[in-house]
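Following: one structure in structure tokens, then a few remarks.
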Amino acid sequence: PPTSFVLPPASYPLPSTSCMMYSLQPQGKLPGARVGHTCSYIPSSEHGELGKLAVVGGAHPHGNITETILLDLDKHTWCHPAWHGLKHRYEHTSFLLPKDNKHLWVFGGANTSSNLNSMQFLDVETRGVPPSPRTCHGAAALVGDRLFLWGGGEKGSAPVRDPKLHVFDTVSHTWSQPHTSGNPPQPRQGHTMVAVESKVLIHGGMGCFFSSESMAWSEILTEGDVPQGVASHSAVSFGSLVYMFGGISFNVLKKTYCRHVALSSETLVWTLKQIRGPSPASRLDFSMCLIPWKVHRDSSSSFTPRVLSEAGKIQDIDTKINLLRLSSQESGDHSNRSELGVNVIHLCFVFGGMDDKGNLFNDSAVIFIQ
Numbered sequence: 258p259p260t261s262f263v264l265p266p267a268s269y270p271l272p273s274t275s276c277m278m279y280s281l282q283p284q285g286k287l288p289g290a291r292v293g294h295t296c297s298y299i300p301s302s303e304h305g306e307l308g309k310l311a312v313v314g315g316a317h318p319h320g321n322i323t324e325t326i327l328l329d330l331d332k333h334t335w336c337h338p339a340w341h342g343l344k345h346r347y348e349h350t351s352f353l354l355p356k357d358n359k360h361l362w363v364f365g366g367a368n369t370s371s372n373l374n375s376m377q378f379l380d381v382e383t384r385g386v387p388p389s390p391r392t393c394h395g396a397a398a399l400v401g402d403r404l405f406l407w408g409g410g411e412k413g414s415a416p417v418r419d420p421k422l423h424v425f426d427t428v429s430h431t432w433s434q435p436h437t438s439g440n441p442p443q444p445r446q447g448h449t450m451v452a453v454e455s456k457v458l459i460h461g462g463m464g465c466f467f468s469s470e471s472m473a474w475s476e477i478l479t480e481g482d483v484p485q486g487v488a489s490h491s492a493v494s495f496g497s498l499v500y501m502f503g504g505i506s507f508n509v510l511k512k513t514y515c516r517h518v519a520l521s522s523e524t525l526v527w528t529l530k531q532i533r534g535p536s537p538a539s540r541l542d543f544s545m546c547l548i549p550w551k552v553h554r555d556s557s558s559s560f561t562p563r564v565l566s567e568a569g570k571i572q573d574i575d576t577k578i579n580l581l582r583l584s585s586q587e588s589g590d591h592s593n594r595s596e597l598g599v600n601v602i603h604l605c606f607v608f609g610g611m612d613d614k615g616n617l618f619n620d621s622a623v624i625f626i627q
């Protein structure tokens, strides 16, 4: 039967288990299986607390999902808050501002009848010319207090016929379409956009950087163990690194990948690396986010990973990953940042999605990255 390493409540991985994959098994009513949802980390305002994860919207074979589900990381419990007003949508994008972690923004996506171009934040009204209705799961990146959006889906596998870059200012609630230079990427959907400092990396079929400072596109020529083009995957940034996972390539589910990008030079190099421990089943159209996992210095709740067999949760599959590095220079050590007796390690959270046979998932997993 499938096996998994389980991260127990109130525990944290040992430093020697970096790049290890763990299953999370919270208490409470388990969310239904879904695709096209988003996951966002909500920090806690209380010292030493881990915070929450918000799973927003999505879809299943019977229609759209309007609920927002919270995973309380301190109580290790799923909860279903009585929040109302979210429009039926999936394949949308959602984000929290670094300076304001109390409000969750949601844009775009689709429902069973049409694509959407509305922005929801306590029914906020926006100004300027918004992007056309589209699906944009992963096709947006937050730089400071501005959301950068490019491309997305029109219908089926067709991308929107819109070459413009769209920027939403969360302070003025205004959309704009700034003039850009350089050669923009070919139209596409199913790509990822992730912010790394002042740059935005677009991945999906090709690599491309966009500089939010110079408003210029530049294509990336990669070297090393370059993976095939992939769509419907997910990516997060951590310092000067970018982690990518899952997706589909040439109608075949891609192997599990974890890709690092350091932005300190102009040359990117892919290096194949091995994930330690079982990985979640290969999947696409899932959601992923980064969790800063706070560890008290006097805590004794570290543990040696144990193996738990639970059919249908985690599958033991190919655990190869790809390491994408801009140069041989390592990024800074982010694992020892402390705050009044608290160290912070970083876990990458993966939830939901589907395989190439249409089977939907509602499992939760984390990978200890640093």
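Note that the numbering used here gives residue 480 to position 223 of the sequence shown, counting from 1, and the numbers run on in steps of one. Where is the CB? At the ideal position from N, CA and C, for every residue including glycine.
- Query: Excluding the five sequence neighbours on either side, which residues of its own chain have a C-beta within less than 7 Å of the C-beta of S351, listed in chain order?
  - Reply: The residue given as residue 351 occupies position 94 in the sequence shown. Closer than 7 Å at Cβ, skipping near neighbours: T295, S297, V313, L361, W362, V363.
- Item | Residue range of the beta strand (DSSP E) that includes K356 | Within the sequence shown, residue 356 is the residue found at index 99, counting from 1. First-last for K356: undefined, no H or E at that position.
- Query: When DSSP builds the beta bridges, which residues end up paired with S275?
  - Reply: The residue given as residue 275 occupies position 18 in the sequence shown. Answer by DSSP bridge pairing: none, since S275 is not bridged.
- Quick one: Cα of P270 to Cα of L264, how far? For this step, residue 270 is matched to residue 13 along the sequence shown. For this step, residue 264 is matched to residue 7 along the sequence shown. Each residue's Cα considered, the two are about 8 Å apart.
- Message: Whole angstroms are fine: how far does the CA of V487 sit from the CA of G408?
- Response: Working through the sequence shown from its first residue, we reach residue 408 at position 151. Working through the sequence shown from its first residue, we reach residue 487 at position 230. Each residue's alpha carbon lies about 16 Å from the other.
- Query: Which word fits N616, buried or exposed, when buried means at least 16 other C-beta atoms lie within 10 angstroms of its C-beta?
  - Reply: Within the sequence shown, the letter at position 359 stands for residue 616. Taking all protein chains in view, the Cβ of N616 is surrounded by fewer than 16 other Cβ atoms within 10 Å, so the residue is classified as exposed.
- Item | Residues that DSSP places opposite C296 in a beta bridge | Counted from its first residue, the sequence shown places residue 296 at position 39. DSSP lists V312 as partners of C296.
- Task: Specify, as a first and last residue, the run of the beta strand (DSSP E) that V601 falls within.
- Result: To locate residue 601, count along the sequence shown from 1; it is residue 344. Counting along the chain, the beta strand (DSSP E) containing V601 begins and ends at 599–608.
- Task: Taking all protein chains shown into account, decide if L328 is buried (16 or more other Cβ within 10 angstroms of its Cβ) or exposed.
- Result: Your numbering for residue 328 matches position 71 in the sequence shown. By the 10 Å Cβ count, L328 comes out buried.
- Return the residue from the list P390, S468, P549, T437 that minimises the CA-CA distance to L307. Numbered from 1 along the sequence shown, position 50 holds the residue referred to as residue 307. Taking only the C-alpha atoms, the option nearest L307 is P549.
- Message: Between the alpha carbons of D331 and G366, how many angstroms are there, rounded?
- Response: Numbered from 1 along the sequence shown, position 74 holds the residue referred to as residue 331. Numbered from 1 along the sequence shown, position 109 holds the residue referred to as residue 366. Cα to Cα, D331 sits roughly 31 Å from G366.
- Which whole-angstrom value is the C-beta distance of P435 and P420, which I expect to be below 8 Å? Along the sequence shown, one-based indexing puts residue 435 at 178. Along the sequence shown, one-based indexing puts residue 420 at 163. The pair is not a contact, with the Cβ atoms about 13 Å apart (cut-off 8 Å).
- Query: Going straight from the alpha carbon of S302 to that of F405, what length do you get?
  - Reply: Stepping through the sequence shown from its first residue, residue 302 is reached at position 45. Stepping through the sequence shown from its first residue, residue 405 is reached at position 148. Distance between the alpha carbons of S302 and F405: 27 Å.
- Between the CA atoms of A290 and G610 - distance to the nearest angstrom: Numbered from 1 along the sequence shown, position 353 holds the residue referred to as residue 610. Numbered from 1 along the sequence shown, position 33 holds the residue referred to as residue 290. Near 8 Å, if we compare the C-alpha coordinates of A290 and G610.
- Item | Reduced DSSP secondary structure (H/G/I, E/B, other) of G336 | The count along the sequence shown starts at 1 and reaches residue 336 at position 79. According to the sequence as given, residue 336 is Cys; it is not Gly. If DSSP states are grouped into helix, strand and coil, C336 belongs with the strands.
- Message: I'd like the span of the beta strand (DSSP E) that includes R403, first residue to last.
- Response: On the sequence shown, residue 403 is found 146 positions in, with the first residue counted as 1. Start and end: 403–407.
- Residue burial classification, E454 (beta-carbon count within 10 angstroms, cutoff 16): For the purposes of this step, residue 454 is taken as residue 197 along the sequence shown, with counting starting at 1. Exposed, by the Cβ-count rule.
- Query: How big is the Cα-Cα spacing for G447 and G293?
  - Reply: Walking along the sequence shown from the start, residue 447 turns up at place 190. Walking along the sequence shown from the start, residue 293 turns up at place 36. C-alpha separation (whole angstroms): 11 Å.
- Item | Residue environment, D613, which counts as buried when at least 16 other CB atoms sit within 10 Å | Within the sequence shown, numbered from 1, the residue matching residue 613 stands at position 356. By the neighbour-count rule (16 or more Cβ atoms within 10 Å), D613 is not buried but exposed.
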